[in-house]
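Taking it in order: structure first as structure tokens, then the write-up.
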Amino acid sequence: MHAAKLHADEPDHDVPLIRRLLAAQFPEWADLPVEPFASSGTDNAVYRLGDGMAVRLPRRPGSGAQVEKDLRWLPRFAPLLPVDVPVPLGRGEPTEFFPLPWSVYRWLDGENPSAGRLTDPHPLARDLAEFVVAFRRMDLPDGPPAYRGGPLALLDRPTRAAIGELDGIIDTRAATAAWEAALEAPEWGGPPVWVHADLLPGNLLVVEDRLSAVIDFATAGVGDPACDLIVAWNLLPADARDTFRTALDVDDAAWARGRGRALSIALIALPYYRDTNPAFAALARHTIGEVLTDHERARS
3 MHAAKLHADE PDHDVPLIRR LLAAQFPEWA DLPVEPFASS GTDNAVYRLG DGMAVRLPRR
63 PGSGAQVEKD LRWLPRFAPL LPVDVPVPLG RGEPTEFFPL PWSVYRWLDG ENPSAGRLTD
123 PHPLARDLAE FVVAFRRMDL PDGPPAYRGG PLALLDRPTR AAIGELDGII DTRAATAAWE
183 AALEAPEWGG PPVWVHADLL PGNLLVVEDR LSAVIDFATA GVGDPACDLI VAWNLLPADA
243 RDTFRTALDV DDAAWARGRG RALSIALIAL PYYRDTNPAF AALARHTIGE VLTDHERARS
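In terms of my numbering, the sequence shown is residues 3 to 302.
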């Protein structure tokens with residue numbers, strides 16, 4: 003039985019497909035156990051391979067480019083960052099039975115953190131700030147534009163369209179006010195810096211509530227450093243949010259842009275994944291609630 007799909011153009015995938023791909027292209031791994039791995043991720047399906055590897059299959063055509071990007075950049079990122087990042091072990095080629103490039107990575111231990119379930123979120127907040135600072139400081143030329151690295155105004159049309167789709171589901175008046183306030187914040191005027199641009203809980207691994215790894219660098223590139231503030235609202239509670247902001251010494255304009263970007267991501271995700279990815283939809287609802295509460299707090 004094929005795995006459930008999140009996108010209309012998602013290719014079929016299941017354990018027999020993984021075995022077929024491995025037998026054709028990586029026969030040395032073909033006899034290892036293969037198990038689907040439950041994940042709220044939206045761009046890649048993950049299968050555990052043996053005890054120490056993971057197979058990642060793009061869920062849609064646009065995600066296939068990440069394979070080449072990872073091969074180029076992840077080995078350069080790894081020695082410059084304070085936590086583990088994925089290590090590519092093999093590049094799989096498209097075939098007649100799976101049309102996209104795919105990949106094998108070293109397995110990284112840890113679990114995804116969950117908002118509201120952190121015993122003490124303050125050390126994690128400082129860990130996240132340390133990662134963001136290290137990523138910003140990387141001196142790696144020719145970085146691609148970050149997927150979410152441009153001005154917030156570029157997201158105005160899809161964000162407002164999403165608010166319209168959520169009428170009766172969220173407080174659309176409050177969401178519109180929070181979004182318009184973010185648009186009024188001054189744009190980033192400095193040089194672009196390296197940003198991960200997708201610091202969602204599903205892209206973080208923790209061990210005993212401490213950050214152990216950051217994964218999925220599909221959106222990484224250079225752009226507005228406020229992109230990496232989104233984790234303040236999608237994961238951290240208010241007091242740890244303050245710890246994170248203090249550790250990064252974030253000014254009001256960047257904080258407003260980060261809050262707006264977190265809101266936009268969640269607003270666009272909620273109607274798209276409401277029926278197909280309940281975990282991601284729940285995260286979107288949580289983030290919207292945190293942003294609206296924080297926006298009201300900032301106004302008072």
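Even glycine gets a Cβ: it sits at the ideal position worked out from N, Cα and C.
Chain-order list of residues whose beta-carbon lies under 7 Å from that of E186 (same chain, five-residue window excluded): Here residue 186 corresponds to residue number 184 of the sequence shown, with the count starting at 1. Excluding positions up to five away in sequence, the list is empty.
Cβ neighbour criterion (16 or more within 10 Å) applied to V209: Reading the sequence shown from its first residue, position 207 is the one you call residue 209. Exposed, since its Cβ has fewer than 16 Cβ neighbours within 10 Å.
Every unbroken alpha helix (DSSP H) inside the stretch 131-178 [4 residues or more]: 158-167
Buried versus exposed, by CB contacts within 10 Å (16 or more), D169: Here residue 169 corresponds to residue number 167 of the sequence shown, with the count starting at 1. Flag for D169 reads exposed.
At least 3 beta-carbon pairs within less than 8 Å: the stretch 131-145 vs the stretch 240-250: yes
Beta-carbon contacts of G260 that lie in its chain and below 7 Å, excluding the five residues immediately before and after: What you label residue 260 is simply residue 258 of the sequence shown in a count that begins at 1. Taken in chain order, the residues that qualify are A228, L231, I232 and A234.
Burial state of T289, where buried means 16 or more other Cβ atoms lie within 10 Å: Start at 1 with the first residue of the sequence shown, and residue 289 comes out as number 287. When all chains shown are included, T289 counts as buried.
F306 (DSSP reduced to helix, strand or coil): This structure gives no information on residue 306, because the portion of the chain shown stretches from 3 to 302.
Whether P146 touches G223 by CB criterion (7 Å): In the sequence shown, counting from the first residue as 1, residue 146 sits at position 144. In the sequence shown, counting from the first residue as 1, residue 223 sits at position 221. The answer is yes: Cβ separation under 7 Å.
Coil, strand or helix - S266 by DSSP: In the sequence shown, counting from the first residue as 1, residue 266 sits at position 264. Residue state, collapsed to three classes: helix.
DSSP three-state assignment for P90, whether helix, strand or coil: The sequence position of residue 90 within the sequence shown is 88, counting from 1. Three-state result, P90: strand.
Pairwise C-alpha distance: G291 and M55: What you label residue 55 is simply residue 53 of the sequence shown in a count that begins at 1. What you label residue 291 is simply residue 289 of the sequence shown in a count that begins at 1. Their backbone Cα atoms lie some 37 Å apart in a straight line.
Close-in-space but distant-in-sequence residues of the same chain around R263 (CB under 8 Å, 5 per side omitted): Position 261 of the sequence shown holds residue 263. Contacts found: R150, L154, L157, A184, A228, C229, L231 and I232.
Closest residue to R108 among L76, I267, R175 and R276 (Cα-Cα distance): For this step, residue 108 is matched to residue 106 along the sequence shown. Ranking the options by Cα distance to R108, first place goes to L76.
Boundaries of the beta strand (DSSP E) in which G235 is found, first to last residue: Reading the sequence shown from its first residue, position 233 is the one you call residue 235. The amino acid at residue 235 is misidentified as Gly; the sequence shows Trp. Unbroken run through W235 is the alpha helix (DSSP H), V233 to N236; no beta strand (DSSP E).
Rounded straight-line distance, which links the Cα of P18 to that of M3: If you number the sequence shown from 1, residue 3 lands on position 1. If you number the sequence shown from 1, residue 18 lands on position 16. Bear in mind that the predicted position of M3 carries a pLDDT of just 48, short of 50, making it unreliable; the figure below should be weighed with that in mind. Taking the straight line joining both Cα atoms gives about 9 Å.
Boundaries (first-last residue) of the beta strand (DSSP E) holding G225: Translated into the one-based positions of the sequence shown, residue 225 becomes position 223. Counting along the chain, the beta strand (DSSP E) containing G225 begins and ends at G223 to G225.
Close-in-space but distant-in-sequence residues of the same chain around H297 (CB under 6 Å, 5 per side omitted): Taking the sequence shown and counting its residues from 1, one reaches residue 297 at position 295. Closer than 6 Å at Cβ, skipping near neighbours: A180.
Neighbourhood of N219 by C-beta, 6 Å cutoff - its chain only, sequence neighbours within 5 removed: Stepping through the sequence shown from its first residue, residue 219 is reached at position 217. The sequence as given places Phe at residue 219; Asn does not occur at that position. If we look at F219 and ignore the five residues flanking it on each side, it has no Cβ neighbours.
C-alpha distance - H124 paired with S214, whole-angstrom precision: Mapped onto the sequence shown, residue 124 falls at position 122. Mapped onto the sequence shown, residue 214 falls at position 212. So the two alpha carbons sit approximately 15 Å from each other.
Residue of E113, V36 and F28 minimising C-alpha distance to R93: Indexing the sequence shown from 1 puts residue 93 at position 91. Nearest of E113, V36 and F28 to R93, Cα basis: F28.
Rounded Cβ spacing between R139 and W104 (contact assumed at less than 8 Å): In the sequence shown, the residue the question calls residue 139 occupies position 137. In the sequence shown, the residue the question calls residue 104 occupies position 102. Incorrect: roughly 32 Å between the Cβ atoms, too far for contact.
Among D211, P193, D200 and L207, the one whose alpha carbon lies nearest that of G225: Position 223 of the sequence shown, counting from 1, holds the residue named residue 225. The option with the nearest alpha carbon to G225 is P193.
Between the CA atoms of H15 and P63 - distance to the nearest angstrom: Along the sequence shown, read from residue 1 onward, the residue named residue 63 stands at position 61. Along the sequence shown, read from residue 1 onward, the residue named residue 15 stands at position 13. Taking the straight line from one Cα to the other gives about 14 Å.
P60 (DSSP reduced to helix, strand or coil): Your numbering for residue 60 matches position 58 in the sequence shown. Three-state DSSP puts P60 in a strand.
Exposed unless 16 or more other CB atoms sit within 10 angstroms - verdict on A283: In the sequence shown, the residue the question calls residue 283 occupies position 281. Buried is the call here.
CA-to-CA distance, L285 to A216, given in whole angstroms: Counted from its first residue, the sequence shown places residue 216 at position 214. Counted from its first residue, the sequence shown places residue 285 at position 283. Per the sequence shown, the amino acid found at residue 216 is Val instead of Ala. Roughly 18 Å between the two C-alpha positions.
Unbroken alpha helix (DSSP H) run spanning A283, endpoints: Within the sequence shown, residue 283 is the residue found at index 281, counting from 1. Per DSSP, A283 belongs to the alpha helix (DSSP H) from P280 to R301.
R299 burial status per 10 Å Cβ neighbour count (16 or more: buried): The residue labelled residue 299 in the question sits at position 297 within the sequence shown. Looking at its Cβ environment, which holds fewer than 16 other Cβ atoms inside 10 Å, R299 is exposed.
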